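*Asks:* One structure is given below, represented as structure tokens, and several questions about it will come after.
Protein chains: 2
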Amino acid sequence: MQQPIAILDSGVGGLTVVKEVLRQLPREKVIYFGDTARAPYGPRTPEEVRQFTREVVDYLVQYDPKMIVIACNTATAVSLLDIRARVDIPVVGVINPGARAAIGRTKTGCVGVIGTEGTIKSRAYEDALRLLSPHVQVVSEACPQFVPLVEKGNFRSVETYEVVRSAIEHMRSYPIDCLILGCTHYPYLSETISEVMGEEVNLINSAEETAREVSAILQDQQKLAKSEHIPVHHFFCSGDPKMFKFIAQQWLGEQIELTPVIWQVPNIS
Amino acid sequence: MQQPIAILDSGVGGLTVVKEVLRQLPREKVIYFGDTARAPYGPRTPEEVRQFTREVVDYLVQYDPKMIVIACNTATAVSLLDIRARVDIPVVGVINPGARAAIGRTKTGCVGVIGTEGTIKSRAYEDALRLLSPHVQVVSEACPQFVPLVEKGNFRSVETYEVVRSAIEHMRSYPIDCLILGCTHYPYLSETISEVMGEEVNLINSAEETAREVSAILQDQQKLAKSEHIPVHHFFCSGDPKMFKFIAQQWLGEQIELTPVIWQVPNIS
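Those sequence lines, one after another, are chains A and B. One point on numbering: in full-length UniProt numbering, the residue at position 233 of the first sequence is 233, and numbering is uninterrupted. One point on numbering: in full-length UniProt numbering, the residue at position 70 of the second sequence is 70, and numbering is uninterrupted.
Dropping the structure here:
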């Protein structure tokens, strides 16, 4: 039986990571948990995020995965070390791969980071960047206006351009040559962000970088799948399964097997 | 005492990997072995390459490294599995990281590879690419004319353009969008190669990709250096130390500590 890669997120944003893993590692079997009933994790307390992430991981480890991927910036910022201590398989988040890609590509040594309020406030990207390279200059900006634009499907309108411009244009006064898209929703706005920042600024897409890191670590551990068969991927969600299935099929472009999971949903405190 | 990263090559080409490791991981201490007395490994038999690589690794493990990096395409193609079985620390070659970067970036699913005769004949890149992604199309070309151009410092002349054009222009008839520079010397010819292949073809520099993979694996194993001090790097070479020191200082732009090592040099059989 092929051991799967387990990927989790508060909702559907982590499907961008699934898509990249399936593209870069088409032999691998994926299981995915979207905790849609309790999404978004952003406004939750760190204790709640840690608790939810633990519950999702405990659910997924029943399927004997060979790796856990936390495909959510908030959960990575708060829970990565906690989950690492909890399981004895590799645990990969979305923050270190994005930070590493930026360090690999920057020539000016000045890296921009945009993300949700929670991610930027946690300073997780700054810590990750400085751990690798102590003298890197980091310019961060919380962009809480971006997720609603993406969720409305509003990727390229004049309104979108104006929202993006007024949020990040001031970053151009720094010698930034890499901008980390520190939220799984932001790659949908890539074209608009590029128009505002200029073509010479490299946009770092965490999903792509995370999938590459999954590949590198599995290969180092000699755990890459060798199968010639197309694996069946399995999805779980705690909220409305119809909506989840619709989005997942649209995004991944294939039939998916989905199991709804019913969990208690505490009010946001 | 900080555990170093051990990097080895048949000669000075692997210094491109050292430079990238120092750039991406400035906290890390590096030890390097250039087996210059027995370079190049290309014309040697696989048995000889395996034997030499083992000797170099056995020399370097005296210094208790936390990782071995084989910064030579020929030695990676022939010796990676052998060295992996010999030591109980991670061993990273230059082939898998380049292959992984190409899989990550290609949109057309068609990847080009150029390298020395030995590397191309070993089909090591093809195997590495297909292991990750079974349906990738690979177009390979041995370019034995390129290393002499680089060693003469002839990066941008009309002659160089003609040699490069006649060697690889025919690859443009394939939908290649990523070209792996499968020899540590080739990045010097990047501009000329880009002129011939077209700007839209992504050139994959193994040194950059290998350093990133070193970073990812060390972080997964929680073995990244945390030191704030600038480490002293240590170099060993089996051939002329003056020449080695001159090249290493020019390339790395810093004072280096060098210990010559005297070894028997068998004739090329």
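By construction, the Cβ of each residue, glycine as well, lies at the ideal position given by its N, Cα and C atoms. If you're wondering where the values come from, they're calculated on a predicted model, not measured in any experiment.
Is it right to say B/Arg172 is buried, meaning 16 or more other beta carbons lie within 10 angstroms of its own, or is it exposed?
*Replies:* The residue in question, B/Arg172, is exposed, as its Cβ has fewer than 16 Cβ neighbours within 10 Å.
*Asks:* Taking CB distances under 7 Å as the criterion, tell me whether B/Ala216 reaches chain A.
*Replies:* Yes, B/Ala216 lies at the interface with chain A (some Cβ there is under 7 Å from its Cβ).
*Asks:* Scan the segment 78 to 136 of chain A and note each continuous beta strand (DSSP E) run of 3 residues or more that stays entirely inside, going in chain order.
*Replies:* List check, beta strand (DSSP E) in window: 91 to 93, 110 to 115.
*Asks:* Short of 9 Å Cβ to Cβ, which residues in the segment 89 to 109 of chain B face chain A?
*Replies:* Listed by position along the chain: Pro90, Val91, Val92, Asn96, Pro97, Arg100, Ala101, Ile103, Gly104, Arg105.
*Asks:* Whole angstroms are fine: how far does the CA of A/Asn202 sit from the CA of A/Glu126?
*Replies:* Whole-angstrom Cα-Cα distance: 18 Å.
*Asks:* Would a check of beta-carbon distances place B/Ser133 closer than 7 Å to chain A?
*Replies:* Closer than 7 Å: yes.
*Asks:* Comparing the C-beta of A/Asp220 with each C-beta of chain B, is any distance below 7 Å?
*Replies:* Yes, A/Asp220 counts as interfacial toward chain B.
*Asks:* Where does the unbroken beta strand (DSSP E) through B/Asp9 begin, and where does it stop?
*Replies:* Where B/Asp9 is concerned, the enclosing beta strand (DSSP E) stretches over 5 to 9.
*Asks:* With a threshold of 8 Å, are at least 3 pairs of Cβ atoms found where one atom belongs to the segment 42 to 53 of chain A and the other to the segment 91 to 105 of chain A?
*Replies:* The segment 42 to 53 of chain A is not in contact with the segment 91 to 105 of chain A.
*Asks:* How big is the Cα-Cα spacing for B/Phe155 and A/Ser215?
*Replies:* Each residue's Cα considered, the two are about 34 Å apart.
*Asks:* In the DSSP output, which residue or residues are listed as bridge partners for B/Thr259?
*Replies:* Answer is B/Phe236.
*Asks:* B/Ser157: buried (16+ other C-beta within 10 angstroms of its C-beta) or exposed?
*Replies:* Burial call: exposed.
*Asks:* Going by DSSP, name the residue or residues bridged to A/Ser140.
*Replies:* A/Val113, per the DSSP bridge assignment.
*Asks:* Do B/Gly182 and B/Thr119 have their beta-carbon atoms positioned less than 7 Å apart in this structure?
*Replies:* The answer is yes: Cβ separation under 7 Å.
*Asks:* Considering only the alpha carbon of each residue, which of A/Arg86, A/His185, A/Glu199, A/Thr210 lies closest to A/Pro144?
*Replies:* It is A/His185 whose Cα lies nearest to the Cα of A/Pro144.
*Asks:* Excluding five sequence neighbours on each side, which residues of the same chain lie with their C-beta closer than 7 Å to the C-beta of B/Ala75?
*Replies:* Counting only Cβ-Cβ distances below 7 Å, and skipping sequence neighbours, we find Ser10, Tyr41, Val49, Thr53.
*Asks:* According to the neighbour-count rule (16 or more other Cβ atoms, all chains shown, within 10 Å of its Cβ), is B/Asp240 buried or exposed?
*Replies:* Exposed.
*Asks:* Which chain A residues are close to B/Glu159, counting only those with a beta carbon under 7 Å from its beta carbon?
*Replies:* The contacting residues do not exist; B/Glu159 stays about 30 Å from chain A at best.
*Asks:* Give, in chain order, every residue of the segment 196 to 212 of chain A whose Cβ lies closer than 9 Å to some Cβ of chain B.
*Replies:* Cβ contacts with chain B: Glu208, Glu209, Ala211, Arg212.
*Asks:* Give the DSSP bridge partners of A/Gln33, in chain order.
*Replies:* At residue 33 of chain A the sequence reads Phe, which differs from the Gln that was named. Partner(s): A/Leu8, A/Phe236.
*Asks:* So who's on the other strand from B/Cys178, going by DSSP bridges?
*Replies:* According to DSSP, which records beta bridges pairwise, B/Cys178 is partnered with B/Val111, B/Asn202.
*Asks:* Tell me the rounded alpha-carbon separation between A/Phe236 and A/Gln62.
*Replies:* Distance between the alpha carbons of A/Phe236 and A/Gln62: 13 Å.
*Asks:* Measure the C-alpha to C-alpha separation of A/Gln264 and A/Val87 and round it to an integer number of angstroms.
*Replies:* Looking at the two C-alpha atoms, the distance is approximately 24 Å.
*Asks:* Contact between the segment 211 to 229 of chain B and the segment 206 to 223 of chain A: three or more CB pairs below 8 Å?
*Replies:* Yes, the segment 211 to 229 of chain B is in contact with the segment 206 to 223 of chain A.
*Asks:* Decide if B/Thr259 is buried, meaning its Cβ has at least 16 other Cβ atoms within 10 Å, or exposed.
*Replies:* Exposed: under 16 other Cβ atoms inside 10 Å.
*Asks:* May I ask you to report which of helix, strand or coil DSSP gives B/Val163?
*Replies:* B/Val163: helix per DSSP, three-state reduction.
*Asks:* Inspect the beta-carbon positions of A/Leu15 and A/Val56 and report whether they are closer than 7 Å.
*Replies:* Contact flag unset, no.
*Asks:* Note down, in chain order, each residue of its chain lying with its Cβ closer than 8 Å to the Cβ of A/Phe146, except the 5 sequence neighbours on either side.
*Replies:* Cβ neighbours of A/Phe146 beyond the five flanking positions: Ile114, Val163, Val164, Ala167, Cys183, His185, Tyr186, Leu189.
*Asks:* In whole angstroms, give me the CA-to-CA distance for B/Gln221 and B/Lys66.
*Replies:* B/Gln221 and B/Lys66: Cα-Cα distance of roughly 10 Å.
*Asks:* To the nearest angstrom, how far is it from the Cα of B/Ser206 to the Cα of B/Ile68?
*Replies:* C-alpha separation (whole angstroms): 16 Å.
*Asks:* Count the other C-beta atoms from every protein chain shown that fall within 10 angstroms of the C-beta of B/Asp35, then say buried if there are 16 or more, exposed otherwise.
*Replies:* Burial call: buried.
*Asks:* Considering only the alpha carbon of each residue, which of B/Ile5, B/Ala37, B/Pro26, B/Thr106 lies closest to B/Lys242?
*Replies:* Per the Cα distances, B/Ala37.
*Asks:* Between the C-alpha atoms of A/Cys110 and B/Val18, what's the straight-line distance to the nearest angstrom?
*Replies:* Whole-angstrom Cα-Cα distance: 22 Å.
*Asks:* By Cβ distance, which residues of its chain are closer than 6 Å to B/Phe33, with the 5 residues on each side in sequence left out?
*Replies:* These residues qualify, in order along the chain: Leu8, Val56, Leu60, Phe236.
*Asks:* Could you check if B/Glu208 is buried or exposed, using at least 16 other CB atoms within 10 Å of its CB as the buried criterion?
*Replies:* Buried, since its Cβ has 16 or more Cβ neighbours within 10 Å.
*Asks:* For a test of the three-state rule: what should DSSP assign to B/Ile70, helix, strand or coil?
*Replies:* Of the three classes helix, strand and coil, the one that applies to B/Ile70 here is strand, per DSSP.
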